[in-house]
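> Handing you a structure now.
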Amino acid sequence: MNLETRSKIQQLLANWPNGTVFTSTALKKQGYSDFLLYHYRKSGWLTGMGRGAFAKAGDVVDWRGGLFALQEQLKLPVHLGGKSALTYHGAAHFLKLGSETTTFFASPGTRLPSWFTNYDWKVKVTLTTTNLFPSDVGLAAETVGNFSIRISSRERAMFETLYLAPKSQSLSEARLLMAGLTNLRPGLLQQLLESCSSVKVKRLFMLFADELKLSWVKKLEPEKVDFGTGDRTIVKGGKLHPKYRLTLPADLFDESAR
Numbered sequence: 316m317n318l319e320t321r322s323k324i325q326q327l328l329a330n331w332p333n334g335t336v337f338t339s340t341a342l343k344k345q346g347y348s349d350f351l352l353y354h355y356r357k358s359g360w361l362t363g364m365g366r367g368a369f370a371k372a373g374d375v376v377d378w379r380g381g382l383f384a385l386q387e388q389l390k391l392p393v394h395l396g397g398k399s400a401l402t403y404h405g406a407a408h409f410l411k412l413g414s415e416t417t418t419f420f421a422s423p424g425t426r427l428p429s430w431f432t433n434y435d436w437k438v439k440v441t442l443t444t445t446n447l448f449p450s451d452v453g454l455a456a457e458t459v460g461n462f463s464i465r466i467s468s469r470e471r472a473m474f475e476t477l478y479l480a481p482k483s484q485s486l487s488e489a490r491l492l493m494a495g496l497t498n499l500r501p502g503l504l505q506q507l508l509e510s511c512s513s514v515k516v517k518r519l520f521m522l523f524a525d526e527l528k529l530s531w532v533k534k535l536e537p538e539k540v541d542f543g544t545g546d547r548t549i550v551k552g553g554k555l556h557p558k559y560r561l562t563l564p565a566d567l568f569d570e571s572a573r
C-alpha cells in the first residue's frame, strides 16, 4: 500500500463514527473509488454490509448505524416510530416485551436499499409508509455514541401507534401506553393534531386522552382540529362511542367509559 492510499484510509477511518454504516455512494462523493474500496476491503480495513455498504472492520453495528446511513447519507425520509420509538424513550418499560419488531416510518414511495433489508440486524425491522404527518413534524434527534439518528418524539410516536391499530397494534395496549404519557407537551400535541391526516387517529387520540383524564388535555384546542364527519368503524361488531363516533371493541369501550 503506497503512502497516499494509506493516508486516505487513515483519514477515512478517523472520520468514520463508530457503529455506523457508510454507503459506497457517500464514500465516492468523498473521493473513494470502487477500486480503493475494493482494496480497503481486501486489505482488512473495511467489511461489507451488503451491496453498496460498508462498516469498519471489527466494528459492532446495529440497526441504528444502518438508520444513520439511510438518513444522513441517502437522505431518505425514514425514522424510528410508533411503539418502537416509545420504547426507545423509555415510555413502554412496563410492557412485557418479547421478540419485538423495530418499526420505521417513512413517506409514501420510500424504499429501503437491499443492503439494509437483507442484512441480519438481529431484530425484525418493518417499514410503514404513510403521509400521516409532514415528515419533519415531531421528530427528535437521539444521540447514539458519536452519531445521532432521528426518531419520533413521544408525542408523534403515540399518534403513529394509534395509526397501526388495530391491524398490527392492539387497541388495549395502545391505551395502556397512552395512560403512561402524563407529561406530553401540549404545544406539540396541538401541532400534531392539526397536521395529522387521519381522522381515525385524531379521534382515537382524543377519546383515550379524555377517558384517561390526562392533565395536558385541558391545554389543547380541539375546536381548531378537523375531526371529519360521520361515524368511523375501527372494528366490526363493536360499540359506537357517543362523542367521537368510533365503533370500538365492546370491552375497550366499557373500559374507557368507566
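Its first residue numbered 316, the sequence shown is counted upward by one per residue in my numbering. Ideal placement from N, C-alpha and C gives every residue a C-beta, glycine not left out. Bear in mind the structure is a predicted one, so any value in this text is a computation, not a measurement.
Counting along the chain, where does the alpha helix (DSSP H) carrying K260 start and finish?
For the chain, the structure presents residues 316 to 573; residue 260 sits outside this window and is missing.
> Output the distance between the C-alpha atoms of A456 and C511, rounded to the nearest integer angstrom.
Each residue's alpha carbon lies about 21 Å from the other.
> What residues match up with T335 in a beta bridge as DSSP calls it?
Partner(s): none; T335 has no beta bridge.
> Starting from the Cα of P481, find the closest Cα among T497, L328 and K551 and give me that residue.
Of the candidates T497, L328 and K551, the one whose C-alpha sits nearest the C-alpha of P481 is K551.
> Which residue's Cα is closest to the Cα of V452: H394, L389 and Y434?
It is H394 whose Cα lies nearest to the Cα of V452.
> Give me the residue from S450, Q345, N433 and L328 with the minimum Cα distance to Y355.
Nearest option by C-alpha distance: L328.
> Taking the C-alpha atoms as reference points, what is the distance between I324 and N330?
Each residue's alpha carbon lies about 10 Å from the other.
> Tell me whether H394 sits in a helix, a strand or coil according to DSSP, three-state version.
The answer is strand: DSSP assigns H394 an E or B state.
> Any idea which residues DSSP pairs R465 with across the strands?
In the DSSP output, where bridge partners are listed per residue, R465 has A456.
> Just verifying my parser: in three-state terms, what is the DSSP assignment at G365?
Three-state result, G365: strand.
> According to DSSP, simplified to helix, strand and coil, what is R490?
R490: helix per DSSP, three-state reduction.
> Report yes if the C-beta distance between L491 and E470 is below 7 Å; otherwise report no.
No. Outside cutoff.
> State yes or no: is the beta carbon of Y403 nearer than 7 Å to at least one beta carbon in chain B?
Among the chains of the structure shown, chain B does not appear; only one protein chain is present.
> Given that a residue counts as buried once 16 or more other Cβ atoms are within 10 Å of its Cβ, and exposed if not, what is T468?
Just to set this straight, residue 468 is Ser in the shown sequence, not Thr. Buried is the call here.
> By Cβ distance, which residues of its chain are closer than 6 Å to R560, with the 5 residues on each side in sequence left out?
Closer than 6 Å at the Cβ level, and outside the excluded window around R560, lie D546.
> Hey, how far is the Cα of Q386 from the Cα of W430?
When rounded, the distance between both Cα atoms is 14 Å.
> In the DSSP assignment, find the unbroken beta strand (DSSP E) run with L563 in it and report its ends.
Here the beta strand (DSSP E) through L563 covers L561 to L563.
> Of all the options G373, L342 and K533, which has the alpha carbon lying nearest to the alpha carbon of L389?
Closest option to L389, Cα to Cα, is L342.
> In the DSSP assignment, the alpha helix (DSSP H) including L503 goes from what residue to what residue?
Where L503 is concerned, the enclosing alpha helix (DSSP H) stretches over P501 to S510.
> Can you find the residues in the same chain that come closer than 7 Å, C-beta to C-beta, to G380, ignoring five residues on each side of it along the sequence?
So the qualifying residues of the chain are G334, T335 and V336.
> What does the Cβ neighbour count give for D566, buried or exposed, with the cut at 16 atoms within 10 Å?
Exposed.
> Let me check one thing: in DSSP terms, what residues is L555 bridge-paired to?
Answer by DSSP bridge pairing, in chain order: T562.
> Figure out for me which residue from P332, K344 and T497 has the closest Cα to the Cα of G460.
Ranking P332, K344 and T497 by Cα distance to G460 puts P332 first.
> Tell me where the beta strand (DSSP E) around T419 begins and ends.
First, the amino acid is wrong: residue 419 is Phe here, not Thr. Element bounds for F419: T416 to A421.
> What residues are listed by DSSP as bridge partners for K371?
K371 pairs with L361.
> Could you please give the first and the last residue of the uninterrupted beta strand (DSSP E) stretch that includes T443?
Its beta strand (DSSP E) spans residues K439 to T444.
> When the Cα atoms are used, what is the spatial distance from V516 to T425?
If you take the alpha carbons of V516 and T425, they lie about 22 Å apart.
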